[in-house]
Amino acid sequence: LQIYCERFIDHGFDSWDLLIGISETDMASLGMKLGHRRRLQRDVATCMGHPL
1 LQIYCERFID
11 HGFDSWDLLI
21 GISETDMASL
31 GMKLGHRRRL
41 QRDVATCMGH
51 PL
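The opening residue of the sequence shown carries number 1 in full-length UniProt numbering; numbering runs sequentially from there.
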């Protein structure tokens, strides 16, 4: 998912606190592929103690 780092930062998602709140709509508008969106959602949930 490193391919999206620059896009996240360019669009203001420059901290973990902001990234964990990213919405499905935000991810789609940033051009993230569906599988990558699901992976990010799963990784965030796991880090928050709620594995999917």
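Don't be surprised by glycine CBs; every beta carbon is placed ideally from N, CA and C. Computed from a prediction, not measured in an experiment: that's the story for all the values here.
- In the same chain as S23, and ignoring 5 residues on each side of it, no C-beta atom comes closer than 6 Å to its own.
- Between D17 and C47, the alpha-carbon positions lie close to 12 Å from each other.
- At least 8 Å separates the beta-carbon of Y4 from that of L34.
- In the same chain as R7, and ignoring 5 residues on each side of it, the C-beta atoms closer than 6 Å to its own belong to L30, in chain order.
- Under the three-state reduction of DSSP, I3 is assigned to helix.
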